[in-house]
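> Going line by line, the protein sequences match chains A and B.
Numbering follows this note's numbering, in which position 87 of the first sequence is assigned residue number 87; successive positions increment by one, without gaps.
Numbering follows this note's numbering, in which position 206 of the second sequence is assigned residue number 206; successive positions increment by one, without gaps.
Where is the CB? At the ideal position from N, CA and C, for every residue including glycine.
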Amino acid sequence: MKSRGEILVVDDDPDLREFLRLTITSMGFEVISAANGQEALDVLEGLNPDLILLDMKMPVMNGWEFCRAIDGRDACPPIVVLTAAPDPAARAAEAHADGWLGKPFEYEDLEATVRKFAARPAR
Amino acid sequence: MADTFRAITEAAAIALDVERTSIWRLLPDRNAIMCEDDFVRAERRHTAGEMLAARDCPSYFSAIAETRVIAAHDARTDVRTRELISPYLEVRGITSMMDVPIWDKGQLYGVLCHEHVGPARHWTSDEETFAGNLADLASLALEEGQRREAERRWDAVVNSIQEAVFVLDGNGTIVHANPLAARIIEHAGGGITLAERMELVEFRDEQGRVIPADRTGGRRSLRGEIVREINQLVFKRAGDRRSFRITSAPMRTGDRIHSVVVVMADVTEEVAFDRLKREVLAALAHEFKTPVAIVKGYAQFISKRLDASPAQRPMLDAIERASNRLQRLIDDLIEVSGISLGRLVLYREPVELTAMLRSVVQWAALAATHHRLVLNAPEPVTVSADLPRLEQAVRRLVDNAIRYSPPGDVEIDVALSDKYVVIAVRDRGIGIPADQTNRIFELFFRAHAGTPHDVGGLGIGLFLAREITIRHGGAMWFESEEGKGSTFYMRLPRTEVP
Chain A
1 MKSRGEILVV DDDPDLREFL RLTITSMGFE VISAANGQEA LDVLEGLNPD LILLDMKMPV
61 MNGWEFCRAI DGRDACPPIV VLTAAPDPAA RAAEAHADGW LGKPFEYEDL EATVRKFAAR
121 PAR
Chain B
1 MADTFRAITE AAAIALDVER TSIWRLLPDR NAIMCEDDFV RAERRHTAGE MLAARDCPSY
61 FSAIAETRVI AAHDARTDVR TRELISPYLE VRGITSMMDV PIWDKGQLYG VLCHEHVGPA
121 RHWTSDEETF AGNLADLASL ALEEGQRREA ERRWDAVVNS IQEAVFVLDG NGTIVHANPL
181 AARIIEHAGG GITLAERMEL VEFRDEQGRV IPADRTGGRR SLRGEIVREI NQLVFKRAGD
241 RRSFRITSAP MRTGDRIHSV VVVMADVTEE VAFDRLKREV LAALAHEFKT PVAIVKGYAQ
301 FISKRLDASP AQRPMLDAIE RASNRLQRLI DDLIEVSGIS LGRLVLYREP VELTAMLRSV
361 VQWAALAATH HRLVLNAPEP VTVSADLPRL EQAVRRLVDN AIRYSPPGDV EIDVALSDKY
421 VVIAVRDRGI GIPADQTNRI FELFFRAHAG TPHDVGGLGI GLFLAREITI RHGGAMWFES
481 EEGKGSTFYM RLPRTEVP
C-alpha cells in the first residue's frame with residue numbers, strides 16, 4: 001500500500017542525490033535514487049515512479065541515452081531534466097522530457113516542479 | 001662593385017693607351033680620397049687602398065668637385081695637379097693626367113684617373129669626351145650596384161621571414177612568392193591565376209563559412225581595401241585545412257592599383273589552442289554548477305524548511321548570496337565562451353525600452369543604496385531585441401556606473417532619431433585613464449585592476465555588453481574624463497516592429 005508519490009532521482013553526483021533525497025522526502029514523497037541511466041533502467045524494472053528527475057551528463061548511460069531507451073514505453077512517468085547546460089529548455093525538448101530545472105536551481109522551483117508532476121492521486 | 005671597377009679601369013687603360021688607370025672614392029668626411037682600384041697596365045696588376053689627403057692637395061680637391069674633365073697635359077706644372085708631385089706623381093713617373101669626377105645621384109662619389117708615363121701627352125678633346133663617358137659608366141655601375149644591393153637585401157628579408165608573402169598583379173595572378181608562399185602553392189597543387197587558385201583552394205572565414213572568390217582578401221585589396229583577418233584555407237587536393245592570419249594591401253601608382261601584397265602567417269596551432277581554451281572554460285563553468293546547486297540548495301532548504309535560529313539566518317543568507325554571485329560568474333564565463341565561439345543566438349521579440357530600463361533601475365536600486373538612479377526616457381519606444389540579453393547589457397553599464405562612482409546620481413537617458421535609439425548611461429565617477437581607453441572593451445581587461453579603485457570582477461562586463469549590442473545591429477562607445485566620469489552609449493537600430 002503506497003500512500004505517497006514516488007520519485008526517481010538520477011544523478012551521478014552523490015551529494016546532489018542526497019540533497020534531493022533529503023529535501024524531496026521532507027516534501028512528503030518517497031525517493032529512490034540511481035547514479036546513471038543504466039541504474040535507472042534497472043530500477044524501472046520493478047517500479048513505476050510518479051516522476052523522474054534526470055541529470056543529463058552522467059557516465060555509463062547519460063540522460064539522452066536513457067530517454068531514448070525508454071521512449072515509446074507505455075505508462076512512462078514524466079521526466080524533468082536537471083541540467084547545467086546554458087539553455088535547459090532546449091535540452092529538455094531534445095530529450096522529449098516533460099520539464100526542466102537548470103542547475104543551480106531555486107529551492108522553491110524544485111518544490112513547485114516536484115509537486116506539479118508528482119501530485120497524482122495516491123495509489 | 002670591385003669587379004665592375006676593375007673592368008672599367010682595364011678598358012680605360014687600353015682604350016686611352018695609358019700606363020695606369022684608377023678609381024678613387026671620396027671619403028664621407030670629404031677630407032681624403034681612397035683608391036678603390038688601381039690598374040697598372042704593363043704589369044696587369046690591380047691594387048687598392050692608397051689614400052690622398054685633401055690638406056696635401058686642396059687645389060686638386062676643389063678641381064674634381066668643379067670640373068667635368070681635368071685634362072692636365074703637363075701634370076707637374078698644372079695648378080690643379082702640381083700639388084701631387086711629391087706624394088704621387090714622381091714616384092710613379094707620371095707626366096700627364098686626365099681625371100674625371102664620378103657622380104652618384106647628384107653627389108660627388110670620387111674620381112676616375114688616367115695617368116700617362118713618359119713624355120708629356122696632349123689629351124685630345126675626343127679623349128676627354130671618352131674619359132667623361134667612362135666616368136658616367138662608373139656612375140651607372142654604382143647605381144646598378146646599389147639597386148642590386150637593395151634587391152638582395154629585400155630578397156634576404158622576404159625569404160627569411162616566417163610569413164608567406166605573395167605579390168598579385170592587377171588580375172589577381174601571383175607574380176611573386178617567397179619560399180614559404182611557394183610551399184603553400186605547392187601544397188595546394190599549383191594555382192597561380194585566380195581561377196586556378198579557386199579550383200584548388202577554398203577560403204573560409206573563422207566560423208567555417210565559404211568566402212566567395214570575389215570576397216577573398218586579395219580580391220578586396222584589388223578594390224582598394226586593406227584587409228586583416230583570419231581565414232581557413234581548405235586545400236582540396238591534400239584534403240586538409242589550416243588557419244592563416246592574412247594581411248593584404250593594395251599597391252598604387254597614383255590612383256591606379258597595380259598590385260597587391262598578401263602576407264599570410266600560419267596560425268593553425270594558435271586558433272586550435274584558443275578554441276581549446278574557450279572550451280575548457282565552458283566545460284569548467286558547467287562543472288561548477290552542480291556544487292553550487294548543492295551549496296545554494298541546502299542554504300535555502302535550511303533557511304526555509306528547518307528552524308534556523310535568528311543568529312544562523314544571516315549566515316544562511318550570506319551563503320545564498322555568495323552562491324548567487326558564483327552562479328553569475330559561471331553564467332558570465334559560459335556566456336563569454338559561447339559568444340567567442342559564435343554561439344550567441346538572439347531570440348528577438350518586440351521590446352519596449354522604457355519598461356525594460358525601469359526594470360533595470362529597480363534591479364540596480366536594490367543593491368545601490370548610495371546612488372540615485374535617474375531615468376530620462378521621453379516616450380515609449382519599441383525595438384526588436386532579445387529582451388534578457390539586452391537587459392543584461394544595460395545592467396552591465398549601470399552596474400559599472402555604480403561601482404566606479406562615489407555616491408550620487410547615475411543617469412540613464414534615452415534619445416531618439418528616425419533610425420536609431422541611443423541609451424546613455426552617465427556617471428560622475430573616477431573615469432577611465434586616458435591610456436586605457438582603447439582597451440576598455442577587450443575581454444578580461446580591467447582598467448582599474450590593481451589600483452585602489454579595483455572592485456573585483458572578471459573584466460567581461462563591457463565586452464559582453466558591446467558584443468550583445470553589436471549582435472543586435474547596434475554600436476557601443478563611450479566618453480570619459482578621468483576624475484569627472486564616464487558616459488557609455490548604446491545605439492540600437494529602430495526597426496519596424498509589427
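Where does the unbroken alpha helix (DSSP H) through isoleucine 70 (chain A) begin, and where does it stop?
Note, isoleucine 70 (chain A): alpha helix (DSSP H), 63-70.
> So the candidates are B:Asp37, B:Asn31 and B:Arg68; which of them puts its Cα closest to the Cα of cysteine 57 (chain B)?
Ranking the options by Cα distance to cysteine 57 (chain B), first place goes to B:Asn31.
> Who are the near neighbours of threonine 495 (chain B) in its chain, counting only those whose CB is closer than 7 Å to its CB and skipping five residues on each side?
If we look at threonine 495 (chain B) and ignore the five residues flanking it on each side, its Cβ neighbours are Val383 and Ser384.
> Could you check which residue in B:Pro314, B:Met198 and B:Val394 has the C-alpha nearest to that of glycine 211 (chain B)?
Reading off the sequence, residue 211 (chain B) comes out as isoleucine, not glycine. It is B:Met198.
> Could you spell out the range, first to last residue, of the alpha helix (DSSP H) harbouring threonine 95 (chain B)?
Where threonine 95 (chain B) is concerned, there is no enclosing alpha helix (DSSP H), although the beta strand (DSSP E) it sits in stretches over 94-104.
> Apart from the five residues just before and just after methionine 27 (chain A), which ones in its own chain have a Cβ nearer than 8 Å to its Cβ?
Within the same chain, methionine 27 (chain A) has close Cβ partners Glu111, Val114 and Arg115.
> Below 8 Å on the Cβ atoms is my guess for valine 267 (chain B) versus leucine 222 (chain B); work out the distance and round it to an integer in Å.
Incorrect: roughly 24 Å between the Cβ atoms, too far for contact.
> Identify the contact partners of histidine 370 (chain B) in chain A, using a Cβ-Cβ distance below 8 Å as the criterion.
Within chain A, no residue comes near histidine 370 (chain B); the closest Cβ sits about 29 Å away, beyond 8 Å.
> Can you name the start and end residues of the beta strand (DSSP E) that alanine 424 (chain B) belongs to?
Note, alanine 424 (chain B): beta strand (DSSP E), 420-426.
> In whole angstroms, what is the alpha-carbon distance linking leucine 16 (chain B) and methionine 251 (chain B)?
Distance between the alpha carbons of leucine 16 (chain B) and methionine 251 (chain B): 48 Å.
> Taking DSSP's pairing of strands, which residues face proline 532 (chain B) in a bridge?
The first residue shown for chain B is 1 and the last is 498, placing residue 532 (chain B) beyond what the model contains.
> Between which two residues does the beta strand (DSSP E) holding proline 493 (chain B) run?
Note, proline 493 (chain B): beta strand (DSSP E), 485-493.
> Label lysine 2 (chain A) either buried or exposed according to how many other C-beta atoms from any shown protein chain fall within 10 Å of its C-beta, with 16 as the threshold for buried.
Its pLDDT being 47, under 50, lysine 2 (chain A) is placed unreliably by the model, and the measurement read from it follows with that caveat. Result: exposed.
> Helix, strand or coil for proline 380 (chain B)? Go by DSSP, reduced to three states.
Coil, per DSSP.
> Could you tell me which chain A residues have their CB closer than 7 Å to the CB of isoleucine 294 (chain B), listed as they occur along the chain?
The answer, in chain order, is Asp15, Leu16 and Phe19.
> Closer than 7 Å between beta carbons: that is the criterion. Which residues of the segment 299-314 of chain B meet it against chain A?
Cβ contacts with chain A come from Gln300, Phe301, Lys304 and Arg305.
> When you compare only the Cα positions, how much space is there between isoleucine 468 (chain B) and tyrosine 489 (chain B)?
For isoleucine 468 (chain B) and tyrosine 489 (chain B), the distance between alpha carbons rounds to 13 Å.
> Output the distance between the C-alpha atoms of glutamate 482 (chain B) and valine 360 (chain B), rounded to the nearest integer angstrom.
About 26 Å.
> Using a C-beta cutoff of 7 Å, does serine 33 (chain A) count as contacting chain B?
Not an interface residue.
> Do leucine 492 (chain B) and phenylalanine 463 (chain B) come within 7 Å of each other at the CB atom, strictly closer than that value?
For phenylalanine 463 (chain B) and leucine 492 (chain B), no; Cβs fall outside 7 Å.
> Please determine, among B:Glu128, B:Gly297, B:Arg55 and B:Ile33, the residue with the shortest C-alpha to C-alpha distance to valine 111 (chain B).
The shortest Cα separation from valine 111 (chain B) among B:Glu128, B:Gly297, B:Arg55 and B:Ile33 belongs to B:Ile33.
> Can you name the start and end residues of the alpha helix (DSSP H) that serine 86 (chain B) belongs to?
Taken as a continuous stretch (DSSP letters only), serine 86 (chain B) belongs to no alpha helix (DSSP H), as it is neither H nor E.
> Report the partner residues of cysteine 113 (chain B) according to the DSSP bridge assignment.
Bridge partners of cysteine 113 (chain B): B:Ser22 and B:Asp99.
> Let's see if you can read the secondary structure: which residues bound the beta strand (DSSP E) around leucine 51 (chain A)?
Element bounds for leucine 51 (chain A): 51-55.
> If you measure between the beta carbons of glycine 459 (chain B) and phenylalanine 445 (chain B), is that distance less than 7 Å?
Going by C-beta atoms, glycine 459 (chain B) is nearer than 7 Å to phenylalanine 445 (chain B).
> Return the Cβ separation of valine 201 (chain B) and lysine 236 (chain B) in integer angstroms, given the expectation that the two are a contact with Cβ distance under 8 Å.
Rounded, the Cβ-Cβ distance is 7 Å, consistent with contact.
> Under three-state DSSP, which class holds glycine 431 (chain B)?
Three-state DSSP puts glycine 431 (chain B) in coil, outside helix and strand.
> Taking isoleucine 102 (chain B) as the reference, give the member of B:Asp38, B:Glu128 and B:Arg25 with the closest Cα.
For the residues B:Asp38, B:Glu128 and B:Arg25, the minimum Cα distance to isoleucine 102 (chain B) belongs to B:Arg25.
> In three-state terms, what does DSSP make of alanine 122 (chain A)?
A caution first: alanine 122 (chain A) carries a pLDDT of 44, below 50, which makes its placement in the model unreliable, though a value can still be read off. Residue state, collapsed to three classes: coil.
> Starting from the C-beta of alanine 188 (chain B), find all residues in its chain whose C-beta is less than 6 Å away, skip the five residues before and the five after it, and write them out in chain order.
Counting only Cβ-Cβ distances below 6 Å, and skipping sequence neighbours, we find Leu200, Val201 and Phe235.
> Is it true that the CB of threonine 25 (chain A) sits closer than 7 Å to the CB of valine 31 (chain A)?
A contact, by the Cβ cut-off of 7 Å.
> Report yes or no: is there a C-beta of chain A within less than 7 Å of the C-beta of histidine 499 (chain B)?
Residue 499 (chain B) falls outside the range modelled here, since chain B spans only 1 to 498, and no answer is possible.
> For chain B, is any of its Cβ atoms less than 7 Å away from the one on threonine 113 (chain A)?
No, its Cβ sits nowhere closer than 7 Å to a Cβ of chain B.
> Considering only the beta carbon of each residue, do phenylalanine 66 (chain A) and glycine 102 (chain A) sit closer than 7 Å?
No, Cβ-Cβ distance for phenylalanine 66 (chain A) and glycine 102 (chain A) is not below 7 Å.
> Could one say the Cβ of lysine 436 (chain B) lies closer than 7 Å to chain A's Cβ atoms, at least one of them?
Lysine is not the amino acid found at residue 436 (chain B); the sequence shown has glutamine there. Output row for glutamine 436 (chain B): interface = no.
> Taking only beta carbons into account, state which residues of the segment 67-89 of chain A come closer than 8 Å to chain B, listed in chain order.
Of all residues in the segment 67-89 of chain A, Ala84, Ala85 and Pro86 have a Cβ within less than 8 Å of some Cβ in chain B.
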